[in-house]
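Asks:
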Amino acid sequence: MTIWLVVLLGGLVTFGMRFSFVWLLGRLEVPETMRRALRYVPPAVLSAIVFPELFLRDNHLDLSLSR
Amino acid sequence: MKPSLHPFWAGVRAELPLLVGVFPFGLIYGTLALNAGIPIVAAQAMSSILFAGSSQFAVAQLIHNAAPAPVILLTIAVINLRHMLYSASLAPHLKSLSLRWKILLSYLMTDEAYAVAILNYERIGGTAFAHWYFLGAGLALWTTWQTATALGLWAGAALPATLPLDFALPLTFIAMVVPALKNRPAVAAALSAGLVALLAFSMPYKLGLMLAALTGIAVGTFLESRVERNAIPPQNVGRDIISPNQERE
Chain A
4 MTIWLVVLLG GLVTFGMRFS FVWLLGRLEV PETMRRALRY VPPAVLSAIV FPELFLRDNH
64 LDLSLSR
Chain B
2 MKPSLHPFWA GVRAELPLLV GVFPFGLIYG TLALNAGIPI VAAQAMSSIL FAGSSQFAVA
62 QLIHNAAPAP VILLTIAVIN LRHMLYSASL APHLKSLSLR WKILLSYLMT DEAYAVAILN
122 YERIGGTAFA HWYFLGAGLA LWTTWQTATA LGLWAGAALP ATLPLDFALP LTFIAMVVPA
182 LKNRPAVAAA LSAGLVALLA FSMPYKLGLM LAALTGIAVG TFLESRVERN AIPPQNVGRD
242 IISPNQERE
C-alpha cells in the first residue's frame, strides 16, 4: 500500500512544484528583479545539467543507479 | 493544416534527439522497479503520475530498502525541487493561457521539455501558438517515457539486474546551451553554474544541480546589474523578458 500512497502523494507534490509559479505569476505582476533573474535560468540550468555529463560521465553512472 | 499543428509538430521534432537518451533510461527504470518489488501497475502508474525520471529511480531504490513513506515523499520533493525553477522561468510565457493549458503544460514540465520549450520561447517570443510547440515537445517525451517504462516492465525478467548505463547525453542537449548564451552575463552564468555542478556533483538528490543553477542565476543577475550601471542608458533597463536582446555591451 505504501507504494500507492507514494505514487499519488509524490505525484501531487511534483505537480504542485511544476504548477507553482505558473499559477502564482499568472495572478501577480512579476517584479523586475525577478524577471531579470529568470533570464538566467536557461543558461544556468542547461549547463548545470550538461557539465557533469560532459566531464563526469563515469561518476554519473554510479550515482544514478546506486540511489 | 491547422495553424496550431505546425508548431506542435515542430515541438515534437525538436524533442526527438533528446528521446534517444530518455528511452534507455525508461527501460532501465522499468526493470529496476520490478526488481525492487514494485507491482507492474504501480510502476507504470508512477511513470504517468509522478512523471519525473530521477525521482522514480530513487523511489524504486527506497521501496526496495523498505523506507517509510514520509522519507520517500521528502526525497521526491527534494529531487524535484528544480521544477520550481522551470515553473518560474516558463511562467511569464504561459501567463495568458487558460487554466487548462497551464495545468496540462505544468504536468508535462520535465528537464527535456523545459529545455526545448524555453529556447523556443526565447527565440520566437510569445506567438499565438507557441504553447503548441511546448505541448508537442512535452507529449513526445511523455509518450516515450510511458512506452519505455512498459517495455522495461515487460522485458524486466529477461534483462539482467544491472544494465550498462553507458549512454551519453545526446549532443543536442549540449548544443542547447549555446543559444542560451546571449551576452556576457549569460556566459558567466553558464560557466559558474557548470563549475558548481561539477564541484557539487556528489551532493545527493540533485541538490548539486539546484545549487549550481542558483549560483549561475545570481552571477548572471549581478553582472547584468553591474554592466547596466556602467554602460546602459536607463531606458533600456525594463526590457521585456519575451524578447531578450543580443550582446549588450
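Those protein sequences? They're chains A and B, same order as listed.
Heads up, the first sequence is in this note's numbering, so the first residue is 4 and it goes up one at a time.
Heads up, the second sequence is in this note's numbering, so the first residue is 2 and it goes up one at a time.
No residue lacks a Cβ here, since even glycine has one placed at the ideal position from N, Cα and C.
Report the rounded CA-to-CA distance for residue 6 (chain B) versus residue 44 (chain B), giving the unit in angstroms.
Replies: Those two C-alpha atoms are separated by around 32 angstroms.
Asks: Could you list the residues in the stretch 41-55 of chain A with a C-beta less than 7 angstroms from some C-beta on chain B, going in chain order?
Replies: Listed by position along the chain: 41, 42, 43, 44, 45, 46, 47, 48, 49, 50, 51, 52, 53, 54, 55.
Asks: CA-CA distance, residue 59 (chain A) and residue 23 (chain B)?
Replies: Going from the Cα of residue 59 (chain A) to the Cα of residue 23 (chain B) covers about 19 angstroms.
Asks: Given this structure, state the Cα-to-Cα distance separating residue 120 (chain B) from residue 52 (chain A), to the nearest angstrom.
Replies: Straight-line Cα distance between these residues: approximately 15 angstroms.
Asks: Assuming residue 203 (chain B) is part of the alpha helix (DSSP H), what are its boundary residues?
Replies: Run containing residue 203 (chain B): none; DSSP gives neither H nor E here.
Asks: Can you pull the chain A residues whose beta carbon is under 9 angstroms from the beta carbon of residue 222 (chain B), in chain order?
Replies: Here the neighbours are 36, 39, 40, 42, 43.
Asks: Under 8 angstroms, Cβ to Cβ, is there at least one residue of chain A near residue 81 (chain B)?
Replies: Cβ-Cβ to chain A under 8 angstroms: yes for residue 81 (chain B).
Asks: Assuming residue 119 (chain B) is part of the alpha helix (DSSP H), what are its boundary residues?
Replies: From DSSP, the alpha helix (DSSP H) with residue 119 (chain B) extends over 112-125.
Asks: Which residues in chain A have a C-beta closer than 9 angstroms to the C-beta of residue 88 (chain B)? List them in chain order.
Replies: Going along chain A in sequence order, the residues near residue 88 (chain B) (Cβ under 9 angstroms) are 20, 21, 22, 23, 24, 25, 26, 27, 28.
Asks: List, from N- to C-terminal side, the alpha helix (DSSP H) runs of 4 residues or more that fit wholly inside the stretch 16-49 of chain A.
Replies: You should have 35-41.
Asks: What residues of chain A sit near residue 204 (chain B), judged by a beta carbon separation below 7 angstroms?
Replies: The contacting residues do not exist; residue 204 (chain B) stays about 10 angstroms from chain A at best.
Asks: Out of curiosity, what's the CA-to-CA distance linking residue 46 (chain B) and residue 230 (chain B)?
Replies: For residue 46 (chain B) and residue 230 (chain B), the distance between alpha carbons rounds to 52 angstroms.
Asks: Consider the Cβ of residue 134 (chain B): report whether some Cβ of chain A lies at a distance smaller than 8 angstroms.
Replies: Chain A contact via Cβ: absent.
Asks: Short check: CB of residue 191 (chain B) to CB of residue 181 (chain B), under 8 angstroms?
Replies: Taking 8 angstroms as the Cβ cut-off, residue 191 (chain B) and residue 181 (chain B) qualify as a contacting pair.
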